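Worksheet for the structure shown next.
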Amino acid sequence: MTRFTDVAGQLTEQAIELPSWAFGNSGTRFKVFGSAGTARDPFEKIADAAQVHKYTGLAPTVALHIPWDKVENFEDLRKHAEDVGVALGTINSNTFQDDEYKLGALTHTDASVRQRAIDHHFECIDVMNATGSRDLKIWLAEGSNYPGQGDLRGRQDRLAESLATIYERIGENQRLVLEYKFFEPAFYHTDVPDWGTSYAQVSALGPNAMVCLDTGHHAPGTNIEFIVMQLLRLGRLGSFDFNSRFYADDDLIVGAADPFQLFRILFEVVRGGGYGNPDVAFMLDQCHNIEQKIPGQIRSVLNVQEMTARALLVDREALGQAQEQGDVLSANQIFMDAFYTDVRADLAAWRESRGLPADPMKAYLESGYQNKIETERVGGTQAGWGA
Ligand code: AOS
Ligand code: ZN
Ligand code: ZN
Numbered sequence: 001m002t003r004f005t006d007v008a009g010q011l012t013e014q015a016i017e018l019p020s021w022a023f024g025n026s027g028t029r030f031k032v033f034g035s036a037g038t039a040r041d042p043f044e045k046i047a048d049a050a051q052v053h054k055y056t057g058l059a060p061t062v063a064l065h066i067p068w069d070k071v072e073n074f075e076d077l078r079k080h081a082e083d084v085g086v087a088l089g090t091i092n093s094n095t096f097q098d099d100e101y102k103l104g105a106l107t108h109t110d111a112s113v114r115q116r117a118i119d120h121h122f123e124c125i126d127v128m129n130a131t132g133s134r135d136l137k138i139w140l141a142e143g144s145n146y147p148g149q150g151d152l153r154g155r156q157d158r159l160a161e162s163l164a165t166i167y168e169r170i171g172e173n174q175r176l177v178l179e180y181k182f183f184e185p186a187f188y189h190t191d192v193p194d195w196g197t198s199y200a201q202v203s204a205l206g207p208n209a210m211v212c213l214d215t216g217h218h219a220p221g222t223n224i225e226f227i228v229m230q231l232l233r234l235g236r237l238g239s240f241d242f243n244s245r246f247y248a249d250d251d252l253i254v255g256a257a258d259p260f261q262l263f264r265i266l267f268e269v270v271r272g273g274g275y276g277n278p279d280v281a282f283m284l285d286q287c288h289n290i291e292q293k294i295p296g297q298i299r300s301v302l303n304v305q306e307m308t309a310r311a312l313l314v315d316r317e318a319l320g321q322a323q324e325q326g327d328v329l330s331a332n333q334i335f336m337d338a339f340y341t342d343v344r345a346d347l348a349a350w351r352e353s354r355g356l357p358a359d360p361m362k363a364y365l366e367s368g369y370q371n372k373i374e375t376e377r378v379g380g381t382q383a384g385w386g387a
């Protein structure tokens, strides 16, 4: 039997990157609800993200999105992040909101459009050099809506060529991370729809190119932990975009829809050597449409921490023996015992022992920060999705 005290030490290794866009107003294609106190610029988004880290100790870095988080001087933003106790992390590119990209960006048939998209990624790499970021994360909204609309093979070839040009520009200690998504915004075909395509594309680039797995980007019923296992086995799991979904790419609070799936994923991360491994970045990719943003992110990182603790509790020695003996029911029981272990009280005590509040959510809500931003940030504008 593995006990909490046996795994507590490993919990200090957890670091979860927050997305800057979670702190701006967001919504659906039907409506963006504004909320009081929402960050109005990248500086305020980072200040808000720092609150999550302050109360949980779990979120030391913030991912940026270009151009949403474009500022005059990224050195200033980097300094500001340090001042509030966090660092800047992954840089996300954006080739999905310009008219020129209606029919594709890195895959477009017109070389000048492809070059425009490549130049945007070069700009992102310049930002990375100023912010000290390691990862360039590319999610492509490219595909087609109707059979015959595009040449599937030609698009894949152009994608390979464009990615190679971008890859050439990244530094020795930087990485290109390619995210896949099975549909949306295109509905017939997507150019990077699955882990296999992402894997094929990044493998052709070189060792510093990795796959990003967004937990909301699979068809219903997909065994995501199997993909986690395979990518770790192949040495290409670069990062996670954690969120949860009931239907499609819902971008809800991680662990909200299916805590057991989160547990199974985290078990494979631990099993495959991806936990406490800097090569595998844990990030959130969420939008808070109707709930408050800072508490929403606090809830998410705590959910990840809780399921990580439970995944670490799986008695792997006993599990291995049961598996070898073909003892189906015992193996399953060992696995489920860990999942059903309530670690909340242990985690609260563990936090206190490290000078953190036992209940980070309560501590934030009582801190007065929310009132302060609601009073000070009058006339906030929308940031991020739908901007
Ligand atoms: C889009 O569906 C993806 O999940 C991306 O990770 C995207 O970059 C992110 O949602 C912010 O644009
Ligand atoms: Zn994502
Ligand atoms: Zn997504």
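Anchor point for the sequence shown: position 251 equals 251 in full-length UniProt numbering, and the numbering is continuous, going up by one each time.
Here a beta-carbon is modelled for each residue, glycine too, at the ideal position from N, C-alpha and C.
Given the structure is predicted, the values throughout are model-derived calculations rather than measurements.
query: Considering only heavy atoms of ligand 1 and the C-beta of each residue, which residues fall inside 6 Å, strictly closer?; result: W21, H65, N92, W139, E179, K181, D214, D241, D249 and D285
query: Where in the stretch 240-272 do unbroken runs of the alpha helix (DSSP H), each at least 4 residues long, occur, reported from the N-terminal end onward?; result: 259-271
query: Could you give the distance in angstroms between the alpha-carbon of R3 and the alpha-carbon of P357?; result: 22 Å
query: Considering only their Cβ atoms, is the gap separating K372 from A22 smaller than 8 Å?; result: no
query: Specify whether the stretch 182-198 and the stretch 138-151 touch according to this definition: at least 3 beta carbon pairs, one from each stretch, less than 8 Å apart.; result: yes
query: Do you know offhand how far F183's Cα is from S35's?; result: 29 Å
query: Measuring CB atoms only, is the stretch 69-81 touching the stretch 318-327, in the sense that at least three cross pairs come out at less than 8 Å?; result: no
query: In whole angstroms, give me the CA-to-CA distance for Y167 and E374.; result: 42 Å
query: Just list the beta strand (DSSP E) runs in the stretch 97-180, keeping only unbroken ones of 3 residues or longer that don't cross its boundaries, in chain order.; result: 135-139 and 175-179
query: Within 10 angstroms of its Cβ, does M1 collect 16 or more other Cβ (buried), or is it exposed?; result: exposed
query: Hey, T90 and H120: beta-carbon distance below 8 Å or not?; result: no
query: What do you reckon, are the CB atoms on I298 and T61 nearer than 8 Å?; result: no
query: In its own chain, which residues sit with a C-beta less than 7 Å from the C-beta of H53, not counting the 5 before and 5 after it?; result: A59, P60, G85 and V86
query: Does the Cβ of W385 have 16 or more other Cβ atoms within 10 Å, making it buried, or fewer, making it exposed?; result: Low confidence applies to W385: its pLDDT is 48, below 50, so where it sits in the model is not reliable enough to give any reading.
query: So, is S209 buried or exposed, given that buried needs 16 or more other C-beta atoms within 10 angstroms?; result: Looking at the sequence itself, residue 209 is Ala, so the reference to Ser does not match. When all chains shown are included, A209 counts as buried.
query: Mind checking whether the beta-carbon of D110 lies closer than 7 Å to any heavy atom of ligand 3?; result: no
query: Spatial neighbours of F187 within its chain, please: C-beta separation below 7 Å, excluding the five flanking residues on both sides.; result: N145
query: In whole angstroms, what is the alpha-carbon distance linking K181 and D214?; result: 8 Å
query: Check M336 in the structure and name its three-state DSSP category.; result: helix
query: In or out: P147 buried (at least 16 other Cβ within 10 Å) or exposed?; result: exposed
query: With burial defined as no fewer than 16 other Cβ atoms inside 10 Å of the residue's Cβ, what is the status of P207: buried or exposed?; result: exposed
query: So for I91, helix, strand or coil by DSSP?; result: strand
query: Beta-carbon within less than 8 Å of Q174's beta-carbon, same chain only, minus the 5 sequence neighbours each way: which residues are those?; result: I125, M128, S133, R134, D135, L136 and N208
query: Measure how close the beta-carbons of M283 and D241 come, nearest whole angstrom, since I'm counting them as under 8 Å.; result: 6 Å
query: I'd like the ranges of any alpha helix (DSSP H) spanning at least 4 consecutive residues and lying wholly in the stretch 312-359.; result: 316-324, 328-339 and 344-353
query: Grab me the residues of T131's own chain with a C-beta within less than 6 Å of its C-beta, minus the 5 sequence neighbours each way, in chain order.; result: F74, R78 and L88
query: Going by the DSSP bridge assignment, what does C212 pair with across the sheet?; result: E179 and S239
query: For Y360 and G296, what's the separation of their Cα atoms in angstroms?; result: With the sequence shown as reference, residue 360 is identified as Pro, and Tyr is not the correct amino acid for it. Between P360 and G296, the C-alpha separation is close to 12 Å.
query: For G238, verify whether its CB is less than 7 Å away from any heavy atom of ligand 4.; result: In terms of ligand content, the structure shown lacks ligand 4 and carries ligand 1, ligand 2 and ligand 3 instead.
query: Is the distance from the Cβ of Y101 to the Cβ of A81 below 8 Å?; result: no
query: At which residues does the alpha helix (DSSP H) containing P42 begin and terminate?; result: P42 to T56
query: Sort out for me which residues DSSP pairs M283 with in a bridge.; result: E17 and D241
query: For V202, does the three-state DSSP call read helix, strand or coil?; result: helix
query: Could you tell me which of G27, A281 and D48 sits nearest to R377, measuring between CA atoms?; result: D48
query: Give a single yes or no on whether G24 has its beta carbon closer than 7 Å to a heavy atom of ligand 3.; result: no
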